[in-house]
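The listed protein sequences correspond, in order, to chains A and B.
No gaps in the numbering here: position 148 of the first sequence is 148 in the working numbering, and each next residue is one more.
No gaps in the numbering here: position 323 of the second sequence is 1323 in the working numbering, and each next residue is one more.
Each residue gets a CB set at the ideal place from its N, CA and C atoms; glycine is no exception.
From a predicted model like this one, the values you see are computed outputs, not experimental measurements.
Structure first, then comments.
Number of protein chains: 2
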Amino acid sequence: MRDEQEQRPDHKRSTKSEFDFIDALRQRAGAGGQSLVAGIGDDAAVVRSTAGKETVITADLLVEDIDFRRTTTPPYLLGHKALAVSLSDIAAMGARPLWSMVSIGVPEDIWETDFVERLYDGLLDLASRYGVQLIGGDTSRTNGGVVIDSIVSGECAAGMAVMRSGARAGDHVFVTGSLGAAAAGLRLIERGAHLAEQNLADDDSQKLDHVLLRQLRPEPRVGWGIVLGEERLATSMIDLSDGLSSDLNRLCTSSNVGALIDSALLPVDDRVTELCGRRALDPLQLALHGGEDFELLFTVNPDNVARLPRRVDGVEIKRIGEITDSGHGVKVSEGMRIWELKPGGWVHF
Amino acid sequence: MRDEQEQRPDHKRSTKSEFDFIDALRQRAGAGGQSLVAGIGDDAAVVRSTAGKETVITADLLVEDIDFRRTTTPPYLLGHKALAVSLSDIAAMGARPLWSMVSIGVPEDIWETDFVERLYDGLLDLASRYGVQLIGGDTSRTNGGVVIDSIVSGECAAGMAVMRSGARAGDHVFVTGSLGAAAAGLRLIERGAHLAEQNLADDDSQKLDHVLLRQLRPEPRVGWGIVLGEERLATSMIDLSDGLSSDLNRLCTSSNVGALIDSALLPVDDRVTELCGRRALDPLQLALHGGEDFELLFTVNPDNVARLPRRVDGVEIKRIGEITDSGHGVKVSEGMRIWELKPGGWVHF
């Protein structure tokens, strides 16, 4: 049996878990007023608005040297990513994004440069692609590094928000796009790789840039989120921010189900496979535990599988396994072996 | 003529102004989609929702050692204040607060203590007083200090959000509560004052605690905000976060009007007057330029002045002057003299 525990990337433990804390907070914040459909604990909060609509809201806090490094992340791409991670949460609710607020704290020396303008360039360019309006936020000075809090709100028809809790035994498990490139990109950046300055014809540089950009410029699956929500295709959904192993376990816990994933079906990014051989990185480990792919992981009732579009915005999906009953746990079949898939992604505490 | 420039508290300049940046950003973010009533540049953004309602949203980023010091701010009061400043923005739009999201970044050593729990205690206690639901947020580790981004959303009837831009010449200018205590409290804390540990009968300790708590535990004027908005009493409104001089100038600029304030009418906090004599602090300067009182500054058409309630939630209001035409500028009459009131409050950059 493969021991995926040993190879957990970025895993950090403290005596108090972030997720336990969020659970406790959810209980203290209460079961919800009349208007609150889902509060703390899904990809986004859902508030029932009037006239058959629900508002979906999410916040993502990005902290320098924890979530990004200023030396390796150009400000334009940082602005893109700050918005992308929140758009991904809205997509994971099956909702359509509408507006964004961004609060940003920067040290004074950075304020005096064009850093903040370039950051907003990246943010606004992505926002305009999806018709998302930047409506406000706050700016503050910091004595430390850059912090960005990205809030996005979206909308769906009442009762149509796709929760993590709707998966049922027998549902098929799908992911959009490909896995592992964002984590591979992070590791290569940590080893000194950087984006090619020019458009080199060189095939290897293009592959490297692709992998680095999956880390630096993640593409939220906004179109897929809207289709899966509006067409009632997904029974449950989560975005892959912490890694497939963590996020699938989270979805299964919320739904009180198990899952069986076939490792041969995982859409490991081709260029990750090609680049990894020479660099002592295991593509399967990256695909299972690597975070920040920002693909959508979702479940579909077998009766609805035929209704799934083949691609949305040029992005395909792949069936990777099946939901099982909760007694089965979350497992991976790899050839003849079946082993337990434990959460191995990033946790802050 | 009094030179209020010399006595500006906390004033900090850089070559690039935060407010100029926000202006530029507002233009780049666009005039607004169909659903955006007011974006960047008022106390909160306003989004038209369905069925005659408008959603009002605000974000406030609090950064350790810039906006608060952990050594002098107990975490319970920090949680209270983080929410209070955003509730104050919602009140300043004449809206009713509904839900809150809070993103928090903390260094690992703080995470291991009960700091975050105590912070949420303060936040949730204030939230429950106004029926506000905490619906989500994000947590992250930082390598620096504590950062808190507090987002609050509220609601008002369509077209009823009270903007900064609605003041007209002849309107009366009012403030809620009293002025100057929050700034006095900050100065006393900086000189080493702290809250009394016990409930001392000592009259002086009680006065000192009152002033310190105006800084550490500001009370948002939620009830006044709702009344002034729902009863269509205020033509324009802003909350006093940066100081009367800054915020009145901002309101006048947005409304393209001037104002004449009578210094004798300013509701300077009694206890500030009593404490300041012995401490070389000028109560009038604190009332004019001191930030963080979180009172509401609003304008009322003379025909509606008689309809104003005397007090809401035990808090009275005071007429302090009148709106004039824009050519007049923003001025203060002090006895026989009239002088120009320049912005003197806090700016981050």
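> Which residues bound the alpha helix (DSSP H) around ASP1125(B)?
Replying inline: Within the second sequence, the letter at position 125 stands for residue 1125(B). 1115-1129 is the extent of the alpha helix (DSSP H) around ASP1125(B).
> Less than 8 Å separating the beta-carbons of SER254(A) and LEU341(A)?
Replying inline: Translated into the one-based positions of the first sequence, residue 254(A) becomes position 254. Translated into the one-based positions of the first sequence, residue 341(A) becomes position 341. In this structure, LEU341(A) does not lie closer than 8 Å to SER254(A) by Cβ.
>> Here's the rule: buried if 16 or more other CB atoms are within 10 angstroms of the residue's CB, otherwise exposed. What is LEU216(A)?
In response: Here residue 216(A) is taken as the residue at index 216 of the first sequence, counted from 1. Flag for LEU216(A) reads buried.
>> For the region 1248-1267 of chain B against the region 1174-1192 of chain B, do three or more pairs of beta-carbon atoms, one drawn from each stretch, fall closer than 8 Å, so that the two count as touching?
In response: yes
> Within the 8 Å Cβ cut-off, does TRP1099(B) reach chain A?
Replying inline: Mapped onto the second sequence, residue 1099(B) falls at position 99. Taking 8 Å as the threshold, the shortest C-beta distance from TRP1099(B) to chain A falls below it.
> Hey, quick one: how far does the alpha helix (DSSP H) through GLY1243(B) stretch, first residue to last?
Replying inline: Working through the second sequence from its first residue, we reach residue 1243(B) at position 243. Note, GLY1243(B): premise wrong, no alpha helix (DSSP H); not H, not E.
> With DSSP run on the structure shown, which of helix, strand or coil describes ALA306(A)?
Replying inline: Numbered from 1 along the first sequence, position 306 holds the residue referred to as residue 306(A). DSSP places ALA306(A) in helix when its eight states are reduced to three.
>> For VAL47(A), would you say it is in contact with chain B, using Cβ-to-Cβ distances shorter than 8 Å as the test?
In response: As a working note, residue 47(A) is residue 47 in the first sequence. With 8 Å as the cut-off, VAL47(A) counts as an interface residue toward chain B.
> In three-state DSSP terms, what is HIS80(A)?
Replying inline: Counting from one through the first sequence, the residue named residue 80(A) turns up at place 80. Helix.
> Beta-carbon separation of ILE110(A) and VAL63(A) under 8 Å?
Replying inline: In the first sequence, counting from the first residue as 1, residue 110(A) sits at position 110. In the first sequence, counting from the first residue as 1, residue 63(A) sits at position 63. Contact flag unset, no.
> To which residues does DSSP link MET101(A) through a beta bridge?
Replying inline: Residue 101(A) sits at position 101 when you count from the first residue of the first sequence. Note: MET101(A) sits in a beta bridge opposite GLY136(A) and ILE151(A).
>> Using a Cβ-Cβ cutoff of 8 Å, what residues of the region 131-148 of chain A are near chain B? List them in chain order.
In response: GLY131, GLN133, LEU134, ILE135, GLY136, GLY137, ASP138, THR139, SER140, ARG141, THR142, ASN143, GLY144, GLY145 and VAL147
> Mind pulling the alpha helix (DSSP H) runs of 4 or more residues that sit fully within the region 1164-1202 of chain B?
Replying inline: 1181-1190
> What is the C-beta distance between ALA1082(B) and ILE1151(B), in whole angstroms, given that I count them as a contact (C-beta under 8 Å)?
Replying inline: Taking the first residue of the second sequence as position 1, residue 1082(B) is located at position 82. Taking the first residue of the second sequence as position 1, residue 1151(B) is located at position 151. Not quite, the Cβ-Cβ distance comes to about 10 Å (not below 8 Å), so this is no contact.
> In this structure, what does DSSP give as the bridge partners for LYS318(A)?
Replying inline: Sequence index remark: in the first sequence, residue 318(A) carries index 318 (1-based). Paired residue(s): VAL175(A).
> Okay, do the region 113-129 of chain A and the region 153-163 of chain A touch, 3+ Cβ pairs below 8 Å being the bar?
Replying inline: no
> By the 10 Å Cβ neighbour count, where 16 or more other Cβ atoms means buried, how is SER17(A) classified, buried or exposed?
Replying inline: As a working mapping, residue 17(A) is identified with position 17 in the first sequence. SER17(A) should be labelled exposed.
>> If you follow the alpha helix (DSSP H) that GLU292(A) is in, where does it begin and where does it stop?
In response: Numbered from 1 along the first sequence, position 292 holds the residue referred to as residue 292(A). First-last for GLU292(A): undefined, no H or E at that position.
>> Under DSSP, the alpha helix (DSSP H) around VAL354(A) begins and ends at which residues?
In response: In the structure as shown, chain A starts at 1 and stops at 349, and residue 354(A) therefore has no counterpart that could be examined.
> For ASP10(A) and chain B, any beta-carbon pair shorter than 8 Å?
Replying inline: Working through the first sequence from its first residue, we reach residue 10(A) at position 10. Below a pLDDT of 50, predicted positions are generally treated as unreliable, and ASP10(A), at 38, falls in that range; the measurement from the model is reported next regardless. So, not an interface residue.
>> Residues of chain B with CB closer than 7 Å to the CB of GLY105(A), please, in chain order.
In response: Taking the first sequence and counting its residues from 1, the one referred to as residue 105(A) is at position 105. The answer, in chain order, is LEU1061, VAL1063 and VAL1147.
> Should ASN1249(B) be labelled buried (16 or more other beta-carbon atoms within 10 Å of its own) or exposed?
Replying inline: The sequence position of residue 1249(B) within the second sequence is 249, counting from 1. So ASN1249(B) counts as buried.
>> Would the region 1219-1232 of chain B count as touching the region 1187-1195 of chain B if we require 3 or more Cβ pairs under 8 Å?
In response: Not touching, per the Cβ criterion.
>> Please report the distance separating the alpha-carbon of ARG1232(B) from that of VAL1116(B).
In response: Locating residue 1232(B) in the second sequence gives position 232, counting from the first residue. Locating residue 1116(B) in the second sequence gives position 116, counting from the first residue. ARG1232(B) and VAL1116(B): Cα-Cα distance of roughly 40 Å.
>> Cβ closer than 8 Å: which chain B residues qualify as neighbours of ASP67(A)?
In response: Walking along the first sequence from the start, residue 67(A) turns up at place 67. Going along chain B in sequence order, the residues near ASP67(A) (Cβ under 8 Å) are SER1140.
> Which stretch, first to last residue, makes up the alpha helix (DSSP H) that contains ILE110(A)?
Replying inline: Numbered from 1 along the first sequence, position 110 holds the residue referred to as residue 110(A). Start and end: 108-111.
>> Quick check on this structure: which residue in VAL1315(B), GLY1277(B), ASP1043(B) and THR1073(B) has the alpha carbon closest to the alpha carbon of GLY1094(B)?
In response: Position 94 of the second sequence, counted from the first residue, corresponds to residue 1094(B). For GLY1094(B), the closest of VAL1315(B), GLY1277(B), ASP1043(B) and THR1073(B) by C-alpha to C-alpha distance is ASP1043(B).
>> Any beta carbon from chain B within less than 8 Å of ILE261(A)'s own beta carbon?
In response: The residue labelled residue 261(A) in the question sits at position 261 within the first sequence. False, the Cβ-Cβ gap to chain B never drops below 8 Å.
> How would you label GLY327(A), buried or exposed, when you count the other beta carbons within 10 angstroms and need 16 or more for buried?
Replying inline: Indexing the first sequence from 1 puts residue 327(A) at position 327. Exposed: under 16 other Cβ atoms inside 10 Å.
> Among all the DSSP beta bridges, which residues are the ones paired with VAL280(A)?
Replying inline: Here residue 280(A) refers to the residue found at position 280 of the first sequence. The sequence shown places Ala at residue 280(A), rather than the Val named in the question. Partner(s): none; ALA280(A) has no beta bridge.
> Near THR273(A), which residues of its chain fall below 6 Å by C-beta distance, leaving aside the five closest residues on each side in sequence?
Replying inline: In the first sequence, residue 273(A) corresponds to position 273, counting from 1. The answer, listed in chain order, is PRO283.
> Does the beta carbon of THR1072(B) come closer than 8 Å to any beta carbon on chain A?
Replying inline: For this step, residue 1072(B) is matched to residue 72 along the second sequence. So, not an interface residue.
> So, are the CB atoms of ASP313(A) and GLY223(A) less than 8 Å apart?
Replying inline: Counted from its first residue, the first sequence places residue 313(A) at position 313. Counted from its first residue, the first sequence places residue 223(A) at position 223. Their beta carbons are under 8 Å apart, which means ASP313(A) touches GLY223(A) by this criterion.
> Between VAL1056(B) and ASP1138(B), what straight-line distance do the alpha-carbon atoms span, to the nearest angstrom?
Replying inline: As a first step, residue 1056(B) must be located in the second sequence, where it is residue number 56. As a first step, residue 1138(B) must be located in the second sequence, where it is residue number 138. Between VAL1056(B) and ASP1138(B), the C-alpha separation is close to 21 Å.
>> Check this for me: beta carbons of GLY105(A) and SER140(A), under 8 Å apart or not?
In response: Taking the first sequence and counting its residues from 1, the one referred to as residue 105(A) is at position 105. Taking the first sequence and counting its residues from 1, the one referred to as residue 140(A) is at position 140. Cβ distance < 8 Å, so GLY105(A) and SER140(A) count as in contact.
>> Can you confirm whether ILE320(A), when its beta carbon is compared against all beta carbons of chain B, has any partner nearer than 8 Å?
In response: As a working mapping, residue 320(A) is identified with position 320 in the first sequence. No, ILE320(A) lies away from the interface with chain B (no Cβ there is under 8 Å from its Cβ).
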